[in-house]
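Notes for the one structure printed next.
Residue numbers (the working numbering): 809 to 954.
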């Protein structure tokens, strides 16, 4: 069953826990056993499962900034050499971070619940905000027989 989650993101790198919203999609689907796919529909965002803990979130942001500094020299940021709108942002670092993190997750379902570890959350990574973003959620599997 198809669902979309829309969210408004903050400035720069922001990380959002989508686990509860995805679980609501699963509940609405009526599917008990199977899997759910979660996919970001943007090239400067990512999805990954990790622990959603405030201090870890700050560590992740700092890690990405050290690994892929926004002020490094990137060919993609040569806006004047590309066929794109003049207000196009210089965001090559965001594209590279998204490449490393990935754009989708697949999570098993059992008894109508996401199968995740105790500290695992499905996290959406905004790497070039603020923006309005869409995440596609698709639920596959068995519906209970009445």
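Don't be surprised by glycine CBs; every beta carbon is placed ideally from N, CA and C.
If you're wondering where the values come from, they're calculated on a predicted model, not measured in any experiment.
Query: Sequence ranges, beta strand (DSSP E) only - wholly within the segment 820-882, length at least 3; Result: 820-825, 841-848 and 853-858
Query: Short Cβ contact (8 Å threshold) for residue 833 with residue 923; Result: no
Query: Nearest candidate by alpha-carbon position, reference residue 949, set 905, 820, 823 and 914; Result: 914
Query: CA-to-CA distance, residue 841 to residue 873, given in whole angstroms; Result: 39 Å
Query: Span of the alpha helix (DSSP H), counted from its first residue to its last, around residue 900; Result: 900-909
Query: Which residues DSSP lists as bridging residue 944, in chain order; Result: 812 and 847
Query: Classification of residue 941 by the beta-carbon crowding that lies within 10 angstroms, buried from 16 upward; Result: buried
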